[in-house]
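Numbering (this note's numbering), first residue to last: 26 to 692. Where a beta carbon is used, it is the ideal one built from N, C-alpha and C, also for glycine. Written below as structure tokens is the structure these notes are about.
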Amino acid sequence: MTTRIRPRRRHAVAGLMAAALLAAGATGSAQAADPLVLDHGHIDAFHVAVEDGALVLDLAEDVTGSHVRHAPEDVLLHVKEDAWIDDIPEEYPGAPAGYVLPLTQDPNLVWPGWDTNGVAGSGYTDVEIDISSVEGPGEVFLYTLTGFGTVTSLLEDGGHQLPGTLREETPSHTHAQWTFTEAGTYTLTAEATATNPGSGESLTSQAATYTFAVGERQEPDPEPTALSVEGLGDHYHTGDAVELTAVPNAPTELDHYHWYSRDSADAEWEAAEGGDGDTYTGTAEVDGQQLKAELLDEDHEVVAASEPVTIHIDDHGGEDSGGSGDDAGGAAGGSDSGAQGGSSDGGDATSGGGSASGDGTTGGGSAAGGASGGGSSAGGSSTGGDDEPVCLPVEEEREVPAEPGEALVLDHGHIDAFNVLTEGGDLILNLKEDVTGSHVTHAPEDVVLHVKPEAFTEEIPEGYPGAPAGYLLPLTQDPNLIWPGWDTNGVAGSGYTDVEIDITSVEGPGEVYLYTTNTFGGAVPILEGGDLELPGTVREESPAHTHAQWTFTEAGTYTLTAAATATDPDSGESLTSDAATYTFAVGDAPSGLAAQGGTTTETVTVGKTADGEDCTLPDAQLGGRDGNLASTGNGVPPLLVGGAGAALLATGATAFVFARRRLAARA
26 MTTRIRPRRR
36 HAVAGLMAAA
46 LLAAGATGSA
56 QAADPLVLDH
66 GHIDAFHVAV
76 EDGALVLDLA
86 EDVTGSHVRH
96 APEDVLLHVK
106 EDAWIDDIPE
116 EYPGAPAGYV
126 LPLTQDPNLV
136 WPGWDTNGVA
146 GSGYTDVEID
156 ISSVEGPGEV
166 FLYTLTGFGT
176 VTSLLEDGGH
186 QLPGTLREET
196 PSHTHAQWTF
206 TEAGTYTLTA
216 EATATNPGSG
226 ESLTSQAATY
236 TFAVGERQEP
246 DPEPTALSVE
256 GLGDHYHTGD
266 AVELTAVPNA
276 PTELDHYHWY
286 SRDSADAEWE
296 AAEGGDGDTY
306 TGTAEVDGQQ
316 LKAELLDEDH
326 EVVAASEPVT
336 IHIDDHGGED
346 SGGSGDDAGG
356 AAGGSDSGAQ
366 GGSSDGGDAT
376 SGGGSASGDG
386 TTGGGSAAGG
396 ASGGGSSAGG
406 SSTGGDDEPV
416 CLPVEEEREV
426 PAEPGEALVL
436 DHGHIDAFNV
446 LTEGGDLILN
456 LKEDVTGSHV
466 THAPEDVVLH
476 VKPEAFTEEI
486 PEGYPGAPAG
496 YLLPLTQDPN
506 LIWPGWDTNG
516 VAGSGYTDVE
526 IDITSVEGPG
536 EVYLYTTNTF
546 GGAVPILEGG
556 DLELPGTVRE
566 ESPAHTHAQW
576 TFTEAGTYTL
586 TAAATATDPD
596 SGESLTSDAA
606 TYTFAVGDAP
616 SGLAAQGGTT
626 TETVTVGKTA
636 DGEDCTLPDA
646 QLGGRDGNLA
656 STGNGVPPLL
666 VGGAGAALLA
676 TGATAFVFAR
686 RRLAARA
């Protein structure tokens, strides 16, 4: 692949932002005046979700944060000049040359795709994204590649060129290869329809406009928004020359100015004689006269204006005398004011201090009395006749090891097998999937990834890992197979943005290969060191969401051990996750599944005093098997009534909330 910057095309996209605004406005859904410009990173351009019974089509991106959503009209997708390829093979759309956004992520370019996982669980799971119109200087192609570089249509009509309709019959997350044949601004109009396959009922989103700026993007020169007037004197004598200059707050080629004057702040503005372009020349005749300037564009519309300036005329007493008198007056006024202010402040401070002291003494005495009363009350309710604390039963929930159970088996759908995030100052490595819901996370040990027999490929070309045959999980999603990848966007904003996922060991009956393909086919290493076979290390220097091509050479069970390390590129400090074990069952349906780990909760009866201290319950107060009291149906033991019971109830509630929070943190 050859990439180059083409100076001969740069002129075609000068002022691209302004062109984008005009083009989008012409479609009836105007681009935001100051859109967010995205020129790299993971972007779900067509993000579809069911929310409050309505279908929403918007844009989600992992550039400014993690899964940040925007109205499409508020975003400009910039396809940089670096996307230009001048030797697109003849059998690929857009040949012989064009701007190509590859199927696999190039961190230097935008990586737009679509995500319909937001409809999971709604019933409206069959989604069509109808790109109904494309306006721009060239053609736009959208397609995918099979495992070995074969061009494959993603559009309902089997074509490769937009407009067209994308369809996802089940919730999916998909990326594609895009080609724009010419530089310039393109606007795409789209809407989504989601259908319930059981009832046939449908929801349709609002129409949305997407803007792509292709090629080198030059920011338009800022237009002036205000004028300042320079050259104004402190005061004038009658007949003095007045020379003023209007200065824009931004460079501009506009040179059409109007000057206006009025004799007082209450008078009407009139065109001023003496205005010539950005300068004004006149004579001081009226004390209090005001002047202002305006800058007009080619359509004679005002684009910038100044605040009025006022001409002050002083013909009495002379300049020096007037200044001396003003200074003396100001000093006298300041002295009187300062003395009065100091006296007033001193009085207030004295008064306020005395009041605060009195209030503090009163408050202290009252607080002490309250404490004394509190101690008397606690003592009365927590001691028996022999001054021994009363031990009362309290039900509370405690964590205990979970009973072994079968692991969750995933045999299709979008899976971020290596999901890396920071949480509470720690680095977490878990598994995230969009099969049982949207962005559901699990401990990797609780999941078995089933590579079904349908993944077996009998004719792997010689240049690809695993040849001549093996179980292949392709780079692009096959809805009948699992689509495992990794996601490090969970570290965005933490500072620890350089992530290594180290797959330290692989155990199984055959080899496991992990790689990607280039823009027009051919295996490309993604492991550190250029290897194609696991074990190995995947590195994402900035937050990314990536999928790859997997090949397992033999049927059977494979276990992969992995850990993640995230580094702050500025400080060099690192965080490392716990090690995790991943299980792939390749071929026939798995049996002898691994047990789920983790913890669960159970309700136990314990002894507590009124102040929450542990104590031993008398045998007479134990009930039920293993000393558990019969439940009242609300988790409160029947003995807890009255004052001491209320105190213990509060203690038990705190323990319950604590246990729940601890469980939630581990989920």
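A distance below 6 Å between beta-carbons, with the five flanking residues on each side excluded, links residue 221 to the following residues of its chain, in chain order: 148, 149. When the beta-carbon positions are compared, residue 198 and residue 439 come within less than 9 Å of each other. Distance between residue 571 and residue 57, taken at the CA atoms: about 30 Å.
In this chain, the beta strand (DSSP E) harbouring residue 550 covers 548-550.
Between residue 84 and residue 211, the C-beta gap is not smaller than 9 Å, which leaves the two residues out of contact. Put simply, the backbone Cα of residue 567 is about 14 Å away from that of residue 444. Within the segment 212-280, the complete beta strand (DSSP E) segments of 3 residues or longer fall at 227-229, 233-239, 252-255, 266-273, listed in chain order.
Partner residues in the beta bridge of residue 100, as assigned by DSSP, are 61. Proximity to residue 80 across 159, 233, 120 peaks at 233, based on C-alpha coordinates. As the crow flies, the alpha-carbon of residue 441 is around 11 Å from that of residue 454. By the Cβ neighbour-count rule, residue 231 is exposed, with fewer than 16 other Cβ atoms within 10 Å of its own. Nearest to residue 278 by C-alpha distance, out of 247, 304, 254, is 247. For residue 457, DSSP records a beta bridge to 441, 466.
By the criterion of a C-beta distance shorter than 7 Å, residue 483 is surrounded in its chain by 494, once the five residues flanking it on both sides are discounted. Collapsing the DSSP output to three states places residue 298 in coil.
Excluding sequence positions up to five before and after residue 326, its CB lies less than 7 Å from no other CB in the same chain.
In this structure residue 490 is in contact with residue 538, their Cβ atoms being roughly 4 Å apart against a cut-off of 8 Å. For residue 339, the three-state secondary structure derived from DSSP is coil.
Between the segment 154-171 and the segment 182-193, the count of Cβ pairs shorter than 8 Å is three or higher; the stretches touch. DSSP places residue 293 in the coil class of the three-state scheme, outside both helix and strand. DSSP, read as helix, strand or coil, puts residue 326 in coil.
Distance from the CA atom of residue 467 to the CA atom of residue 152, rounded to whole angstroms, is 27 Å. Within the same chain, Cβ atoms closer than 7 Å to the Cβ of residue 469 are found at 455, 456, 605, 606, 607, the five residues on either side in sequence being excluded.
By the neighbour-count definition (other C-beta atoms within 10 Å, threshold 16), residue 93 is an exposed residue. Residue 451 carries a strand assignment under DSSP once its states are collapsed to helix, strand and coil. Comparing alpha-carbon positions, the option among 88, 274, 77, 59 lying closest to residue 70 turns out to be 88. Between the segment 590-605 and the segment 540-553, the count of C-beta pairs closer than 8 Å stays below three; the two stretches do not touch. Here the alpha carbons of residue 264 and residue 309 stand approximately 5 Å from one another. Cβ-Cβ distances below 7 Å link residue 536 to 558, 578 in the same chain, with the five nearest sequence neighbours on each side left out; the list follows chain order.
With 16 or more neighbouring CB atoms inside 10 Å of its own CB, residue 172 falls in the buried class. In this structure, DSSP gives residue 312 a state outside helix and strand, which the three-state scheme calls coil. When the five nearest sequence neighbours on each side are left out, the beta carbons in the same chain lying within less than 7 Å of the beta carbon of residue 64 are those of 103, 105, 135, in order along the chain. 9 Å or more divides the Cβ of residue 253 from the Cβ of residue 158. The beta-carbon distance between residue 142 and residue 463, rounded to whole angstroms, is 5 Å. This is short enough to meet the 8 Å contact definition. Cβ atoms of residue 75 and residue 228 come within 8 Å of each other, at about 7 Å.
DSSP places residue 480 within a helical segment (H, G or I) once states are collapsed to three.
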